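Using this note's numbering, the first residue of the sequence shown is number 929, and each one after it goes up by one. Virtual Cβ for every residue (Gly too), placed ideally from N, Cα, C. All values derive from a computational prediction rather than experimental measurement. The structure appears right after this line, and notes come after that.
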Amino acid sequence: MPRQFSLQPLHDLANNRVEAATRQLAALKQQWQLQEDKLKQLYAYQAEYRQRLHHTLTQGVDMTRMRDFQVFLHKLDLAIRQQQVEIEHARMRWENGQRAWMEERRKLKTYDVLKTRHQRKEAQREGRIEQREQDEHARKSHALKKPMEE
């Protein structure tokens, strides 16, 4: 009977960590995409508001309303810059998560190699035991036949 792989609990733990890191990486990618989507919305809103300003300017506008447009566009520009910073932070978190995932995969692959090596050695050991048993059986059979021939 093959012996158990003594590092199996560590192999299982490494496998669980890879699965957790995979889930975390997917969540980080989703957060990054959400930040990208928010930036697209801000750009769309900025374009729409600039178009409204252009339309309003062609029809004539008083100074107060013009100032309100400018203040709002300035705030929108600030929001866009802040969102770009958020995207960069989300990207960096994803990259860190990717490095963590790769490290966990590396550890798991190490245990996979050790497990494969163990299984190969156990198969060889089992083969030697089986061969010894067959040799012993053949020797006993031969020994039993020999007295009958004499």
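Problem set entry | Nearest-angstrom Cα separation, counted from D996 out to Q1030 | Here the sequence assigns Met to residue 1030, which means Gln is not the residue at that position. Going from the Cα of M1030 to the Cα of D996 covers about 51 Å.
Exercise. The alpha helix (DSSP H) with D940 in it runs from where to where?
Worked result: First-last of the alpha helix (DSSP H) with D940: Q936 to Q987.
Exercise. Would G1025 be called buried (16 or more neighbouring beta carbons within 10 Å of its own) or exposed?
Worked result: With 16 or more other Cβ atoms within 10 Å, it is buried.
Exercise. Under 9 Å between the Cβ atoms of Q959 and R1009?
Worked result: Between Q959 and R1009, the C-beta spacing is not below 9 Å.
For this session: Mark A1018 as exposed unless 16 or more other C-beta atoms lie within 10 angstroms of its C-beta, in which case mark it buried.
Result: Using a 10 angstroms sphere on the CB of A1018, the tally of other CB atoms reaches 16 or more, which defines it as buried.
For this session: For D1040, name the three-state secondary structure that DSSP assigns.
Result: Residue state, collapsed to three classes: helix.
Problem set entry | Length of the line joining the Cα atoms of R1053 and Q932 | Taking the Cα positions, R1053 is about 13 Å away from Q932.
For this session: Determine the direct distance from the alpha carbon of S934 to that of L1072, and round the result to whole angstroms.
Result: Each residue's Cα considered, the two are about 42 Å apart.
For this session: Just mark V1013 as buried or exposed, buried being the case when its beta carbon has 16 or more other beta carbons within 10 Å.
Result: With fewer than 16 other Cβ atoms within 10 Å, it is exposed.
Exercise. So, helix, strand or coil for T932, using DSSP?
Worked result: Checking the sequence, you will find Gln at residue 932 rather than Thr. Q932 falls in the coil class under three-state DSSP.
Exercise. Taking Cβ to Cβ, would you say A954 is nearer than 9 Å to A1028?
Worked result: For A954 and A1028, no; Cβs fall outside 9 Å.
Exercise. If we count the other Cβ atoms within 10 Å of its Cβ and call it buried at 16 or more, is E1032 buried or exposed?
Worked result: By the neighbour-count definition (other C-beta atoms within 10 Å, threshold 16), E1032 is a buried residue.
Problem set entry | Coarse secondary structure for D990, derived from DSSP in three states | Note: D990 maps to coil in three-state DSSP.
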